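Residue numbers (our numbering), protein chains in the order written: chain A, 1 to 281; chain B, 1001 to 1281; chain C, 2001 to 2281; chain D, 3001 to 3281. Heads up, the thing below is written out as structure tokens.
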């Protein structure tokens, strides 16, 4: 943990033009930072948008943050019209997990978190079902049973207290009002290969359509149902031999790894949203 | 080839009930046939539909076909209300391939056919583009350049002369009238993971939606666009780094194997259609 | 559970010849059994070995088991030189799970078992580490901490009390003597794509060799290390970006699904061993 | 093509230390180059090796190459102890393809090359079999039938005339002497998931071992058989149902895409060799 105090991630987006990498990496080099990894992407070298993520180590970073940000803003960000953000290694994001009856994604996230796979503090699990109380208690995480309608009570618990909300097979649709007031990214796992089977009962509809492959999709939640920027997807093969229950069973294994990858990448500041899509470094 | 004269595939579907496997396999055993492979599927053991495919070898089969079919009809099929079909090993299906500008699926099928991977006689390649004449000639297959509107001319070439039509990235929509008059199964490759991105420009729309996986779907053609029974699908991983042209390039590799598998399975009588879905043995 | 009393699976292997399917399905049909699913495989229709698995429902099965087995033995099995076994739906196999420090496979199996994905009674978890006691207690399963050398103590616990032993990342090599005395199938998960990287530290060696894909393999344990019949394998993509710890993390997700599939199939009597290989129905 | 004259790729490797990205990108920015893409990797930020690939566009590049290289060498490469290389967009690599009896990889490469998927001039196809002459002629590429022993004759044809040699299922082992004298990278496709099944008959041995997944591996050829740095691998699922011939058929589809990806990446200067492994950008 101590070591993390000296590392940070710099996230940048700006109109693409000559010299951006040179400007950013020159700034960090002048500050004596050691770049640990660097990723960049341009939607179009002529007139597109440029994205960058640089992870670096800088001795004495805790004392130099304000100065570093001020200098970066003046010397690099303003001239290049950048949106930018420094994420410091010792400022872990606070995560809340929302679940309904199905527990596979919830338990998988808690288990990964306990192993140290997720850089976060899980500050709350909220469910409209009482069943998961004992499981969650075993991980030492507060469990809140909030019967529907739940949004007001959830906002009391969450607003200002979390940096990201994860819907781990939470089956209620969140209102526009909730999303605005919670005011942090919300990541959902949808149990289909979007944009196929938007909405309810995707496995049943997959079975009816006779698809040979099923999937799951992790995405940021927006007002429009199942239409937010996709972070990650994966699939599994099925055949005429599987009924809906078996599709659900196969699908659970896909859902939990897809959601876990998306959450891990979000927590590592690897996911940048551009219009309705993501860049994942 | 000679050996094939003594093999056949028996395809059966009927209401599920007790004793079907015993009745069919008992019939073949009594006829001294040696079952080479057997597959069966029931949509529901209580009140569902039962499907079966048995491949067998029977010495002297060429002389015994009429007798065998008559006996099977009387003793097995009628009592069990079966739809049934014997496909004989020496009666190769006649295939016509339709293509437009893109040649990757066309050439891949011809190359597999030349290698002996497809049990068929390719009797014609038809295209609304003249470009593939030389490539197709190299395989010794008649090439017909039929400019659009092409349906009447194609029906002259195809009706009564083929057992299956393969749309190898043929970009014209076939009319209901054409499908009825050609009167054989038509297999299409759609360049998306159906039911996502039905219709035109699926790769562009996949790029716009920001999916992380693209796919291709081989299906039987019905009147309703891209909605016929799915035979096979496969997928490939993409990211923000690929533009539409690169999705198309990655997609071509998926399309050609998916179409080739679907065509090979159809030719081996492995694909049974049930309502809007397939059973693939 | 009550319903299960009336179902069974019949497993058969014998020299391939004419009429086996007819004989077995005819026997079941005469007994008024309803075949729910049927799978068969021949290593070679001329002189090979024939395998079959039939799942059936028979009203009054509990009272008719002895009679059914005696009749099957006389009328079908003896004439056809069969090895055969009836597995009854209400006779659940007893499973013991052995684990070492890593808990991901252990917890995943327990979680699936609690959900009802595994048809078994988990009668014991044994580990040479004390750490998993609380987790296992949460599932209501007896936990035995058995420090190494452990074989004698484990034999006391297991011999005669279990039908299958699962090595859920158990890192001790079991002796030939132990395997003989425990006298039930032992399923192991090896953290590589066998036969690559037999033995210790497969992820480190995969990293050193620079492979682009890693895998995991579930197999029956034999005397020869990592060389028993393979039940299931799966893989995941890696690159130069992942170090050994990240290969291990990616690998854990592969290991747990591969082991879970292998165990589920074994419990459903879907895995038949033939020489050094498996037939998985 | 004209446009390509103004683009280049800069490839760099050096001991990792502070400021490398800043130095290289600063140099290119000062030269008024527009960076089109940038990838970098460090085997270890403390004491490891740093790799970088930058693709850039520079107006007037054809006239400025000597000056650019001299300046880069003096100002950047020497102080940072770099190995470096500029690959110019209009200097296409010359490729020779070697094949034996199997033609699937050969034809697939030629077909991709004709479509424009491979940035190269295919200057020769050499085979110890005469069968592919007509197929290759259709692509307008010289075909040399060179019966074994072939190395001396092949060296006459190749030495000094090619930049890369592709073994498209060429089944002769090349001697150390040949590799030294041809003096360019040689890419091979091995029909197994290395390091499993090094050497002859991998599909037969895969069948005997009972693996559930088969694969193919593209790698640079070194003196030691099937042990050179791996560029790309991929896999496909198989079961007890496939015999050796069917594994070969499934394998062919894997082999040709794996080899095609490896060749395309090599031609785009995306593959950097580090000790016995590759970094693929």
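Where is the CB? At the ideal position from N, CA and C, for every residue including glycine. From a predicted model like this one, the values you see are computed outputs, not experimental measurements.
Membership of residue 1108 of chain B in the alpha helix (DSSP H) is indicated by the continuous run 1104 to 1115.
Rounded to the nearest angstrom, the Cβ distance from residue 3025 of chain D to residue 3012 of chain D is 11 Å, too far for a contact under 8 Å. Among the bridge pairs identified by DSSP, residue 84 of chain A is matched with A/12.
For residue 36 of chain A, the residues of chain D that pass the 7 Å Cβ criterion are 3045, in the order they occur in the chain. At a beta-carbon threshold of 8 Å, the residues of chain D lying near residue 1117 of chain B are 3249, ordered along the chain.
One alpha carbon belongs to residue 3097 of chain D, the other to residue 2213 of chain C, and they sit about 26 Å apart.
Within the segment 3166 to 3196 of chain D, complete alpha helix (DSSP H) segments of at least 4 residues are found at 3176 to 3182, given in chain order. The Cβ-Cβ distance between residue 1139 of chain B and residue 1115 of chain B does not fall below 7 Å. The beta carbon of residue 1060 of chain B does not come within 7 Å of any beta carbon belonging to chain A, so the residue lies off that interface. Distance from residue 141 of chain A to residue 165 of chain A at the Cβ level is roughly 14 Å; contact not present, criterion being Cβ atoms closer than 8 Å.
If you check each beta-carbon in the segment 2250 to 2266 of chain C against every beta-carbon of chain A, the ones closer than 7 Å belong to 2253 and 2257.
Residue contact with chain D for residue 22 of chain A: present (Cβ-Cβ distance below 7 Å to some residue of chain D).
3193, 3194, 3195 and 3196: these are the residues of the segment 3180 to 3196 of chain D whose beta carbon lies less than 8 Å from some beta carbon of chain C, given in chain order. Under DSSP, residue 234 of chain A takes part in a beta bridge, and its partners are A/216. Remark: C-beta atoms of residue 2255 of chain C and residue 2206 of chain C do not approach each other more closely than 7 Å. Sixteen is the threshold: when 16 or more other Cβ atoms of the shown chains lie within 10 Å of the Cβ of residue 2233 of chain C, as they do, the residue is buried.
Sequence-ordered contacts of the segment 2071 to 2099 of chain C with chain A are nonexistent [C-beta pairs closer than 8 Å].
The C-alpha of residue 73 of chain A lies about 11 Å from the C-alpha of residue 86 of chain A.
Nearest CB-CB separation between residue 3019 of chain D and chain A: below the 7 Å threshold. DSSP, read as helix, strand or coil, puts residue 221 of chain A in coil. Listed in chain order, the non-local C-beta contacts of residue 237 of chain A below 6 Å within the same chain comprise 213, local neighbours out to five positions each way being set aside. Between residue 1053 of chain B and residue 1269 of chain B a beta carbon distance of about 7 Å is seen, short of the 8 Å cut, so the two are scored as contacting. Secondary structure note for residue 3250 of chain D: its alpha helix (DSSP H) is the uninterrupted segment 3244 to 3267.
Given a length threshold of 4 residues, each whole run of the alpha helix (DSSP H) inside the segment 3034 to 3089 of chain D is given here in chain order: 3061 to 3072.
With a threshold of 7 Å between beta carbons, residue 1132 of chain B makes no contact with chain A. Within chain B, the residues 1022 and 1026 have their CB atoms less than 7 Å from the CB of residue 2026 of chain C, given in chain order. Under the Cβ distance rule, residue 3040 of chain D counts among the residues neighbouring chain A, one pair being separated by less than 7 Å.
Taking 8 Å as the cut-off between beta carbons, the residues of the segment 1233 to 1244 of chain B near chain A are 1233, 1234, 1235, 1239, 1240 and 1241, in sequence order. Going by DSSP, residue 205 of chain A is part of the alpha helix (DSSP H) stretching over 202 to 209. By the Cβ neighbour-count rule, residue 2175 of chain C is exposed, with fewer than 16 other Cβ atoms within 10 Å of its own.
For residue 1175 of chain B, no Cβ of chain C is located within less than 7 Å of the residue's own Cβ. Taking a Cβ-Cβ cut-off of 8 Å, the neighbours of residue 32 of chain A in chain D comprise 3018, given in sequence order. Boundaries for residue 3121 of chain D: no alpha helix (DSSP H) harbours it, while the beta strand (DSSP E) harbouring it runs 3120 to 3127, taken from the DSSP string. When rounded, the separation of the alpha-carbon atoms in residue 3247 of chain D and residue 40 of chain A is 41 Å. Contact annotation for residue 3138 of chain D against chain B: 1138 [CB-CB distance below 7 Å, chain order].
Shown here for residue 2193 of chain C: same chain residues with a beta carbon closer than 8 Å to its own, the five before and five after excluded, namely 2213, 2214, 2215, 2216, 2217, 2233 and 2235 in chain order.
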